[in-house]
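Okay, so the sequence shown: first residue is 105 according to the numbering used here, each after it adds one.
Built from N, CA and C at the ideal position, the CB exists for glycine as well.
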Amino acid sequence: FLVIICVEMQTCKSTSAPFSSLLVFLKDETSSRLLERILEVSDKKQLRRVFKNHFQAQLHTLSAHPIANYTVQRLIGATQTKKLFSTVFDELSPALEDILAKGHMGIITGLAEACKRLKIRQSALLTQLMEAFHCAVPASRQVTCVPLFLSLITYEIYYQKEGEEEPSEHQGGVLCPVYFILFINNLVLDMMVQSRDG
Numbered sequence: 105f106l107v108i109i110c111v112e113m114q115t116c117k118s119t120s121a122p123f124s125s126l127l128v129f130l131k132d133e134t135s136s137r138l139l140e141r142i143l144e145v146s147d148k149k150q151l152r153r154v155f156k157n158h159f160q161a162q163l164h165t166l167s168a169h170p171i172a173n174y175t176v177q178r179l180i181g182a183t184q185t186k187k188l189f190s191t192v193f194d195e196l197s198p199a200l201e202d203i204l205a206k207g208h209m210g211i212i213t214g215l216a217e218a219c220k221r222l223k224i225r226q227s228a229l230l231t232q233l234m235e236a237f238h239c240a241v242p243a244s245r246q247v248t249c250v251p252l253f254l255s256l257i258t259y260e261i262y263y264q265k266e267g268e269e270e271p272s273e274h275q276g277g278v279l280c281p282v283y284f285i286l287f288i289n290n291l292v293l294d295m296m297v298q299s300r301d302g
């Protein structure tokens, strides 16, 4: 908490700073782990303040960073209110394809777990995932989402569709450990069943 208090005092002194000075800590592995722990033990009010002052409008960039993405995962996991989670979700959901391309699957897993835990945005996450895997439109592609989620490969690559140039980050796909693929798929498929039932 001392780090956050010091950083917040520094931020208040220099309100003209274009970004939070806390973000500098996220590029260092040791400092990042300290911030992760602080997020995990923060109460609702502290977490909301830290998010608003230091993370808001930065999540897309942080989720792409090789170290900072772990802090984003902890932020998602620490979120206790639907309101804060909705804000985090709204900022991250348009970036799901980029997050998948970077192989930062923990962010996707964290979003799925938080959607399930807070009982919010489950259908929206499925929609965003279908868009990220290029199976949202046309509607006939939606039935193909399960094998795409299971393989973590986009529609065009999985079905080897010609005609559209594929983004370079999807060529060849991202290799993930089998246990992780099973875990994320279990969460996503469970959400699909729950959203159809409820």
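- The residues G214, in chain order, have a CB closer than 6 angstroms to that of G181 in the same chain once the five nearest residues on each side in sequence are set aside.
- In this structure, DSSP gives K206 a helical state, which the three-state scheme calls helix.
- Scanning the region 210 to 249 from its first residue to its last, the whole alpha helix (DSSP H) runs of 4-plus residues come out as 226 to 236.
- Spatial neighbours of C239 in its own chain (CB-CB distance under 7 angstroms, excluding positions within 5 residues in sequence) are listed in chain order as R245, Q246, T248, C249, L252 and Y259.
- If the five residues before and after C219 are omitted, its C-beta is found closer than 6 angstroms to the C-beta atoms of R225, Q226 and L229, all from its own chain and listed in chain order.
- If you compare the alpha carbons of L166, E144 and A199 with that of V176, the shortest gap goes to L166.
- Apart from sequence neighbours up to five positions away, no residue of its chain approaches K187 with a beta-carbon distance below 8 angstroms.
- In this structure A168 touches K206 by the C-beta definition: roughly 6 angstroms separates them, less than 8 angstroms.
- Rounded to whole angstroms, the Cβ separation of L138 and L130 is 10 angstroms, and the two are not in contact under 8 angstroms.
- Judged by DSSP in its simplified three-state form, Y174 adopts helix.
- Rounded to the nearest whole angstrom, the C-alpha separation of R141 and F237 is 32 angstroms.
- Listed in chain order, the non-local C-beta contacts of E144 below 8 angstroms within the same chain comprise R178, G181 and A182, local neighbours out to five positions each way being set aside.
- In this structure, the alpha-carbon of Y262 lies about 16 angstroms from that of E201.
- Judged by DSSP secondary structure, D194 falls within the alpha helix (DSSP H) whose first and last residues are K186 to L196.
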